[in-house]
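So the sequence shown is numbered by my numbering: it starts at -14 and just counts up by one.
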Amino acid sequence: MIYAANWKMNGSTKFVNSILSEIKQSIAPHIPLGSKIILCPPSIYSSAAVMFCKNMPVEIGAQDCSSHKDGAYTGEISADMLSDVGLEWVILGHSERRQYHNENNPLLFEKLLLAQTAGLKVIFCIGETHQQYLNGTTKEVLMQQLSILCTPDLIDLDYIIAYEPIWAIGTGVVPEFQKIEIIHQFIKSHVSEKTNRNCDIHVLYGGSVNPENANQLKSLSDVDGVLVGGASLDPEKFKQICL
Ligand code: PEP
-14 MIYAANWKMN
-4 GSTKFVNSIL
6 SEIKQSIAPH
16 IPLGSKIILC
26 PPSIYSSAAV
36 MFCKNMPVEI
46 GAQDCSSHKD
56 GAYTGEISAD
66 MLSDVGLEWV
76 ILGHSERRQY
86 HNENNPLLFE
96 KLLLAQTAGL
106 KVIFCIGETH
116 QQYLNGTTKE
126 VLMQQLSILC
136 TPDLIDLDYI
146 IAYEPIWAIG
156 TGVVPEFQKI
166 EIIHQFIKSH
176 VSEKTNRNCD
186 IHVLYGGSVN
196 PENANQLKSL
206 SDVDGVLVGG
216 ASLDPEKFKQ
226 ICL
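1. Identify whether Leu189 lies in helix, strand or coil by the three-state DSSP scheme.
2. Shorter than 7 angstroms, the distance from the beta carbon of Val75 to the closest heavy atom of the ligand PEP, or not?
3. Nearest to Thr240 by CA position, among Lys96, Val158, Cys135 and Val107, is which residue?
4. Nearest CA to the CA of Trp(-8): which residue from Ile154, Tyr30 and Ser217?
5. Please say whether Ile76 and Gln101 have beta carbons closer to each other than 8 angstroms?
6. Buried or exposed: Tyr299, going by 16 or more other Cβ atoms within 10 Å of its Cβ?
7. Rounding to the nearest angstrom, what Cα-Cα distance links Leu228 and Ile12 in this structure?
8. Pull up the DSSP beta-bridge partners for Cys25, would you.
9. Taking 7 angstroms as the limit between beta carbons, can you name the residues of its chain near Lys106, skipping five residues before and five after?
10. With distances taken between CB atoms, is the gap from Gln130 to Gly191 smaller than 8 angstroms?
11. If you draw a straight line from the C-alpha of Ser204 to the C-alpha of Phe162, how long is it?
12. Looking at the secondary structure, which residues open and close the alpha helix (DSSP H) in which Ala33 lies?
13. Taking the alpha-carbon positions, what's the Val211 to Ile23 distance?
14. In this structure, how does DSSP classify Cys227 when only helix, strand and coil are distinguished?
15. Give me, in chain order, the residues of the same chain whose beta-carbon lies closer than 6 angstroms to that of Leu(-5); leave out the 5 immediate sequence neighbours on both sides.
16. Report the three-state DSSP secondary structure of Tyr118 (helix, strand or coil).
17. Cutting at 7 angstroms between CB atoms, please list the residues of its own chain near Arg82, excluding the five before and the five after it.
18. What do you reckon, is the C-beta of Val159 under 7 angstroms from a heavy atom of the ligand PEP?
19. Rounding to the nearest angstrom, what Cα-Cα distance links Asp141 and Arg182 in this structure?
20. Measuring only the C-alpha atoms, how far is Lys179 from Ala153?
21. How about Gly192: is its Cβ closer than 7 angstroms to a heavy atom in the ligand PEP?
22. Which value, in whole angstroms, describes the spacing of the CA atoms of Glu166 and Val208?
23. Which residues mark the beginning and the end of the beta strand (DSSP E) in which Tyr144 is found?
24. So Phe171 and Lys96 are supposed to be a Cβ contact under 8 angstroms. How far apart are they, rounded?
25. Between which residues of its own chain and Pro160 is the CB-CB distance below 7 angstroms, once the five residues before and five after are set aside?
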């Protein structure tokens, strides 16, 4: 099982030190063999997190990277830089980036290529709006978002997919479990058909995961883990989700 935490733009030095200490003491030692935790703090805290989590079953990721390799792009952080400071993962395609920063397939494709070159593993987020869900076009939307991942240019990319219905993010609403199962199966069969990757396609569920629904979500056969936003900022809740 993979437990990924997206802290978004939250925290402070004090908060990061305290939550990492909690994870070190009461979560990481109890994570079953074969499971892993991926923490994605704001980039400014990621080097400190890498140092802190050495020798723990915890990997550190970024929440985004630049679509440019290097150069005059004020404020940007490149995939190479993330890798240089010891990060192993980057989240790409999060709906908040798609919505607030107009990230689309061509731009995300550039980011995916750069992540591949930098040797970063990717958590690639996909998901539909509530309207699309109600219209019954979820699969079409997901196929369109997945199309860039399924190109031969990304044959060497190490990635997992996070299915995050936009309408479930931060709302407390989660799709019916059976629907999640069907969508995860669809994502796996679609990607394996388009890429010839078979058993190594892992799909996380994300969107309002909390201690009350985590066990049921984790028990679904095609859910390989969870991507947790809000609840990952509370060490007690994150512990209950992971253990
Ligand atoms: C997210 O934004 O990736 C997310 C899963 O958020 P939340 O858990 O708060 O719904």
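We put the beta carbon where it would ideally sit given N, CA and C, even for glycine.
Quick answer:
1. Stepping through the sequence shown from its first residue, residue 189 is reached at position 204. Looking at Leu189 - three-state DSSP - the assignment turns out to be strand.
2. Here residue 75 corresponds to residue number 90 of the sequence shown, with the count starting at 1. No - the ligand PEP has no heavy atom lying nearer than 7 angstroms to the Cβ of Val75.
3. This structure cannot settle anything about residue 240, because the visible part of the chain is limited to -14 through 228.
4. Counted from its first residue, the sequence shown places residue -8 at position 7. For the residues Ile154, Tyr30 and Ser217, the minimum Cα distance to Trp(-8) belongs to Ser217.
5. For the purposes of this step, residue 101 is taken as residue 116 along the sequence shown, with counting starting at 1. For the purposes of this step, residue 76 is taken as residue 91 along the sequence shown, with counting starting at 1. Not a contact, by the Cβ cut-off of 8 angstroms.
6. Absent from the structure is residue 299, since the part of the chain shown begins at -14 and ends at 228.
7. Numbered from its first residue, the sequence shown carries residue 228 at position 243. Numbered from its first residue, the sequence shown carries residue 12 at position 27. Cα to Cα, Leu228 sits roughly 7 angstroms from Ile12.
8. Taking the first residue of the sequence shown as 1, we reach residue 25 at position 40. Answer is Asn(-9), bridged to Cys25.
9. Numbered from 1 along the sequence shown, position 121 holds the residue referred to as residue 106. Answer for Lys106: Glu73, Trp74, Asp143 and Tyr144, listed in chain order.
10. Looking up residue 130 in the sequence shown gives position 145. Looking up residue 191 in the sequence shown gives position 206. The answer is no: Cβ separation not under 8 angstroms.
11. Position 219 of the sequence shown, counted from the first residue, corresponds to residue 204. Position 177 of the sequence shown, counted from the first residue, corresponds to residue 162. Cα to Cα, the separation comes out at about 10 angstroms.
12. Sequence index remark: in the sequence shown, residue 33 carries index 48 (1-based). Unbroken alpha helix (DSSP H) run through Ala33: Ser31 to Phe37.
13. Walking along the sequence shown from the start, residue 211 turns up at place 226. Walking along the sequence shown from the start, residue 23 turns up at place 38. The alpha-carbon atoms of Val211 and Ile23 are separated by roughly 10 angstroms.
14. As a working note, residue 227 is residue 242 in the sequence shown. Looking at Cys227 - three-state DSSP - the assignment turns out to be helix.
15. Sequence index remark: in the sequence shown, residue -5 carries index 10 (1-based). It should be noted that the sequence gives Asn, not Leu, for residue -5. Only Leu218 meet the Cβ criterion.
16. Counting from 1 along the sequence shown, the entry for residue 118 is found at position 133. Note: Tyr118 maps to helix in three-state DSSP.
17. Along the sequence shown, one-based indexing puts residue 82 at 97. Contacts found: Asp49 and Glu88.
18. Reading the sequence shown from its first residue, position 174 is the one you call residue 159. Not so, every heavy atom of the ligand PEP lies at least 7 angstroms from the Cβ.
19. As a first step, residue 141 is located in the sequence shown; it is residue number 156 there, counting from the start. As a first step, residue 182 is located in the sequence shown; it is residue number 197 there, counting from the start. One C-alpha to the other measures close to 11 angstroms.
20. By one-based count along the sequence shown, residue 179 stands at place 194. By one-based count along the sequence shown, residue 153 stands at place 168. Using only the alpha carbons, I get a separation of about 27 angstroms.
21. On the sequence shown, residue 192 is found 207 positions in, with the first residue counted as 1. Answer for Gly192: yes, Cβ within range of the ligand PEP.
22. Stepping through the sequence shown from its first residue, residue 166 is reached at position 181. Stepping through the sequence shown from its first residue, residue 208 is reached at position 223. Distance between the alpha carbons of Glu166 and Val208 is about 7 angstroms.
23. By 1-based counting over the sequence shown, the position of residue 144 is 159. Here the beta strand (DSSP E) through Tyr144 covers Tyr144 to Tyr148.
24. As a working mapping, residue 171 is identified with position 186 in the sequence shown. As a working mapping, residue 96 is identified with position 111 in the sequence shown. Not confirmed; about 24 angstroms, so no contact.
25. The sequence position of residue 160 within the sequence shown is 175, counting from 1. Pro150 and Ala153, listed in sequence order.
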